[in-house]
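**Q** Below: one structure in structure tokens.
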Amino acid sequence: MTDLIMALGSTALILMIYTILYRENPAFRIGEHLMVGATVGHAVVLAVFQIRDLAFLKVQQGMNTGNLGQMAYVVPILLGVALYLQFSKAYRHIARVAIAFMLSVGITLSARGLISVNVIGQIKGAIVPLNNVQNIVYTVGVVCVLLYFVYEERLSKAVGPVPKVGRWLLMVTMGAYFANSIMGRLSIVIGTLDTILPAPNLYLIPVALLILIADAWTRSKKKE
Amino acid sequence: MTVTEMLGRNYKEIIYLALFASLVVPMIRPIGLPVPIDKTTADIYNRVDALQPGDVVVLGSNIGAAIYAEVYPQYIAIMEHVFRKEGVRLILVDHGTEAPIFAERALTELNAAGRKTYGVDYVHLGYIAGDEAAISGLCRDLHALLQVDYSGNSISSLSMLDDINGAQDFTIVIDFTASADSQFWLNQAYATYGTAIAFGLTAVKVPDAYAYYTAGQIFGIVESLKGAAGYEILIGRPGIAAKGMDAQSIAHLLYIVLMILGNLAYFMGGKKK
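For the protein sequence lines, the chains are A and B, in the order given. Per our numbering, residue 178 is the first one in the first sequence, and the count goes up by one each step. Per our numbering, residue -7 is the first one in the second sequence, and the count goes up by one each step.
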């Protein structure tokens, strides 16, 4: 019984959200707000558990065992609390310390990996033996696109139409991006249909359609 | 009415209906169009298939309601494949707040509790806040980072994790996402420890990931529902992804026809619009 209620509930909510295709309406608003509310509520509960599991438990253990390393987790707790001082004009500067700390840790953590992966790794990956068509096309593509982004006038003139080829290749890439987005959006609809098409969920579709038709009819009568 | 006038009319509702029909009809009555299997998907399948007893697979997930339809079928197909490998240990870790719901759902759907022993064959660490810092901590020393798993069990009570400390002990990591956590795994596990990484991605994110695939930094990509369908066929367990491929192909054909008609209207209308 619970499964049936859950299935019908989720189908009803999906159909409520899809009514936006017809027009802005209260059913869409209810569905939208329920979705946002449930997501935020869930995230808040998880955040509380995270603070408990990743920080408070460790501080508690540290105090029991005298382990200073674990007791030091009180520092991120204080920095987290300090973030809320952003809302106070008098103590806003303290919040900046916490933000600066977060930024510096983030940048330091990612710097090494980013350079290794996105710079050195990509340069190494772009140097391929020209022993098959794929590698030749790949290398020509890299050179043309790189030359498109060289803004030095004499060099641009010297290489002739090569940057233009780079531009065309970039357009082909954009096309691939766009086609992928279409595929992604359709996949989402297919996933949704998989939820609403099996019986008894399916029977809610004509109900939703009847409500929409009734609304359209009432609106047309009012206009008259 | 002339052809130009016909093409120039607003057909929004008709396009919606045609798209709806092109998706619904093949889902109710599948045509059975062949599903091509991408090399990027086959690479992941081969890597998982070659796993040996004792190997450790980490499945990172940022699956939420927004990307569920695209990425969840990939997640469950690969999880099923890992479960079929005797003695391979599985760690589930979540990078999004909604991801634990889908991880638990996948475990229930695959009857994980009936097939494997929790804490011995697989563990679910749950959501770890902190983005890249969390992944960095997990790669360095997961025992220092975590006290409890998703269900509140003490990490020290999970025997499977006794000899697993961090990324140097992970055989492969596959991250399912539409966000930046795939980059975080590359930065923290691949760049620092040389751990083999692969991605299960939404279609929009796939072109970005190809740069890493061609450079040999990741060993495979499962591309949206299409990749999931390929994986389902490879493991012989057709699911929602394989079922949805007919609908996707027909809808793509509709898009192509609409684009041709749109261009006809544009050129025949004297490029006014």
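By construction, the Cβ of each residue, glycine as well, lies at the ideal position given by its N, Cα and C atoms.
I'd like the list of long-range same chain contacts for residue 232/A, defined as Cβ closer than 7 angstroms, with 5 residues on each side in sequence excluded.
**A** Taking the first residue of the first sequence as 1, we reach residue 232/A at position 55. Contacts found: 250, 253, 254.
**Q** Of all Cβ atoms in chain A, is any one closer than 7 angstroms to the Cβ of residue 89/B?
**A** Position 97 of the second sequence, counting from 1, holds the residue named residue 89/B. True, the Cβ-Cβ gap to chain A drops below 7 angstroms.
**Q** How should residue 20/B be labelled, buried or exposed, when 16 other C-beta atoms within 10 angstroms of its C-beta is the threshold for buried?
**A** Within the second sequence, residue 20/B is the residue found at index 28, counting from 1. Answer is exposed; the Cβ neighbour count stays below 16.
**Q** Quick one: list the residues of chain B neighbouring residue 358/A, beta-carbon separation under 8 angstroms, in chain order.
**A** In the first sequence, residue 358/A corresponds to position 181, counting from 1. Ordered by position in chain B, the residues that pass the 8 angstroms Cβ test against residue 358/A are 195, 196.
**Q** Would you say residue 199/B faces chain A, with C-beta separation under 7 angstroms as the test?
**A** In the second sequence, counting from the first residue as 1, residue 199/B sits at position 207. Closer than 7 angstroms: yes.
**Q** Roughly how many whole angstroms lie between the Cα atoms of residue 176/B and residue 246/A?
**A** Residue 176/B sits at position 184 when you count from the first residue of the second sequence. Residue 246/A sits at position 69 when you count from the first residue of the first sequence. Rounded to the nearest angstrom, the two C-alpha atoms are 26 angstroms apart.
**Q** Based on DSSP bridge pairs, tell me the residues matched to residue 82/B.
**A** Taking the second sequence and counting its residues from 1, the one referred to as residue 82/B is at position 90. Answer by DSSP bridge pairing, in chain order: 49/B, 114/B.
**Q** Measuring only the C-alpha atoms, how far is residue 131/A from residue 178/A?
**A** The structure shown does not extend to residue 131/A, since chain A is modelled only from 178 through 401, so no value can be given for it.
**Q** My assumption, with CB atoms under 8 angstroms, is that residue 162/B sits in contact with residue 192/B. Please give the rounded CB distance.
**A** By 1-based counting over the second sequence, the position of residue 162/B is 170. By 1-based counting over the second sequence, the position of residue 192/B is 200. That pair is no contact at about 16 angstroms.
**Q** Straight-line CA distance for residue 331/A to residue 320/A?
**A** The residue you call residue 331/A lines up with position 154 of the first sequence. The residue you call residue 320/A lines up with position 143 of the first sequence. Going by the C-alpha atoms only, they are around 17 angstroms apart.
**Q** For the beta strand (DSSP E) that residue 192/B lies in, which residues bound it at each end?
**A** Position 200 of the second sequence, counted from the first residue, corresponds to residue 192/B. Where residue 192/B is concerned, the enclosing beta strand (DSSP E) stretches over 188 to 193.
**Q** Which term fits residue 265/B, buried or exposed, when burial requires 16 or more other beta carbons within 10 angstroms of its beta carbon?
**A** The residue labelled residue 265/B in the question sits at position 273 within the second sequence. Annotation note: pLDDT 48 at residue 265/B (below 50); position unreliable, no value reported.
**Q** DSSP on residue 188/A, reduced to helix/strand/coil?
**A** As a working note, residue 188/A is residue 11 in the first sequence. Reduced to three states, the DSSP call for residue 188/A is helix.
**Q** Note down, in chain order, each residue of its chain lying with its Cβ closer than 8 angstroms to the Cβ of residue 386/A, except the 5 sequence neighbours on either side.
**A** Along the first sequence, one-based indexing puts residue 386/A at 209. Once the five neighbours on either side are set aside, residue 386/A has no close Cβ partner at all.
**Q** Is there at least one Cβ from chain A nearer than 7 angstroms to residue 236/B's Cβ?
**A** As a position in the second sequence, residue 236/B is number 244, starting the count at 1. Yes, contact with chain A.
**Q** State the DSSP-derived secondary structure class of residue 168/B, mapped to helix, strand or coil.
**A** For the purposes of this step, residue 168/B is taken as residue 176 along the second sequence, with counting starting at 1. Here residue 168/B sits in strand by DSSP.
**Q** Return no unless some Cβ of chain B is closer than 7 angstroms to the Cβ of residue 230/A.
**A** One-based indexing of the first sequence puts residue 230/A at position 53. At least one chain B Cβ lies under 7 angstroms of residue 230/A.
**Q** Where does residue 222/A land, buried or exposed, given buried means 16+ other C-beta within 10 angstroms?
**A** On the first sequence, residue 222/A is found 45 positions in, with the first residue counted as 1. The residue is exposed, with fewer than 16 neighbouring Cβ atoms inside 10 Å.
**Q** Out of curiosity, what's the CA-to-CA distance linking residue 370/A and residue 8/B?
**A** Walking along the first sequence from the start, residue 370/A turns up at place 193. Walking along the second sequence from the start, residue 8/B turns up at place 16. Residue 370/A and residue 8/B: Cα-Cα distance of roughly 14 angstroms.
**Q** Using a Cβ-Cβ distance cut-off of 7 angstroms, determine whether residue 265/B contacts chain A.
**A** Within the second sequence, the letter at position 273 stands for residue 265/B. With a pLDDT of 48 at residue 265/B, under the threshold of 50, the predicted position of this residue should be treated as unreliable, though the coordinate-derived value follows. Output row for residue 265/B: interface = no.
**Q** For a contact defined as C-beta to C-beta under 8 angstroms, what are the partners of residue 62/B on chain A?
**A** As a working mapping, residue 62/B is identified with position 70 in the second sequence. Going along chain A in sequence order, the residues near residue 62/B (Cβ under 8 angstroms) are 361, 364, 365, 368.
**Q** At the level of alpha carbons, what is the spacing between residue 37/B and residue 104/B?
**A** Within the second sequence, the letter at position 45 stands for residue 37/B. Within the second sequence, the letter at position 112 stands for residue 104/B. Approximately 20 angstroms, taken between the alpha carbons.
**Q** Among the residues of its own chain, which have a CB less than 8 angstroms from the CB of residue 202/A, if the five just before and after it don't count?
**A** The residue labelled residue 202/A in the question sits at position 25 within the first sequence. Within the same chain, residue 202/A has close Cβ partners 196, 392.
**Q** Taking residue 59/B as part of the alpha helix (DSSP H), name the residues at either end of that continuous run.
**A** By one-based count along the second sequence, residue 59/B stands at place 67. Where residue 59/B is concerned, there is no enclosing alpha helix (DSSP H), given that its DSSP letter is neither H nor E.
**Q** Figure out for me which residue from 207/B, 199/B, 157/B, 204/B has the closest Cα to the Cα of residue 185/B.
**A** Position 193 of the second sequence, counted from the start, is the residue given in the question as residue 185/B. Residue 157/B is the option with its Cα nearest to residue 185/B.
**Q** Please confirm if residue 124/B has its CB atom under 7 angstroms from at least one CB of chain A.
**A** Within the second sequence, numbered from 1, the residue matching residue 124/B stands at position 132. Taking Cβ atoms only, chain A reaches closer than 7 angstroms to residue 124/B, which makes this a yes.
**Q** I'd like to know whether the C-beta of residue 298/A is nearer than 7 angstroms to at least one C-beta of chain B.
**A** Mapped onto the first sequence, residue 298/A falls at position 121. Judged by the 7 angstroms Cβ criterion, residue 298/A is in contact with chain B.
**Q** For residue 252/B, decide whether its Cβ has a neighbour in chain A, counting only Cβ atoms nearer than 7 angstroms.
**A** As a position in the second sequence, residue 252/B is number 260, starting the count at 1. Closer than 7 angstroms: no.
**Q** In chain B, which residues lie less than 7 angstroms from residue 223/A when you measure between Cβ atoms?
**A** Residue numbering aside, residue 223/A sits at position 46 when the first sequence is read from its first letter. Chain B residues near residue 223/A: 89, 119.
**Q** I want to see whether chain A comes within less than 7 angstroms of residue 178/B, judged by CB atoms only; does it?
**A** On the second sequence, position 186 is the one that residue 178/B refers to. Yes, residue 178/B counts as interfacial toward chain A.
**Q** How far does the beta strand (DSSP E) with residue 215/B in it reach, from first residue to last?
**A** Position 223 of the second sequence holds residue 215/B. Looking at the DSSP string, the run of the beta strand (DSSP E) that includes residue 215/B is 213 to 215.
**Q** Where does residue 354/A sit, in a helix, a strand or coil, going by DSSP?
**A** Sequence index remark: in the first sequence, residue 354/A carries index 177 (1-based). Residue 354/A falls in the helix class under three-state DSSP.
**Q** Is the beta carbon of residue 259/A less than 7 angstroms from the beta carbon of residue 277/A?
**A** Residue mapping note: residue 259/A aligns to position 82 of the first sequence, counting from 1. Residue mapping note: residue 277/A aligns to position 100 of the first sequence, counting from 1. Result no, Cβ atoms of residue 259/A and residue 277/A do not sit closer than 7 angstroms.
**Q** Which residues, taken in chain order from the stretch 277 to 293 of chain A, show a beta carbon closer than 8 angstroms to some beta carbon of chain B?
**A** Listed in sequence order: 282, 283, 286, 287, 289, 290, 291, 293.
**Q** Using Cβ-Cβ distances below 8 angstroms, what residues of the stretch 20 to 39 of chain B are close to chain A?
**A** Those would be 20, in chain order.
**Q** For residue 243/A, which residues in chain B fall below 7 angstroms Cβ to Cβ?
**A** The count along the first sequence starts at 1 and reaches residue 243/A at position 66. Chain B residues near residue 243/A: none, gap ~17 angstroms exceeds 7 angstroms.
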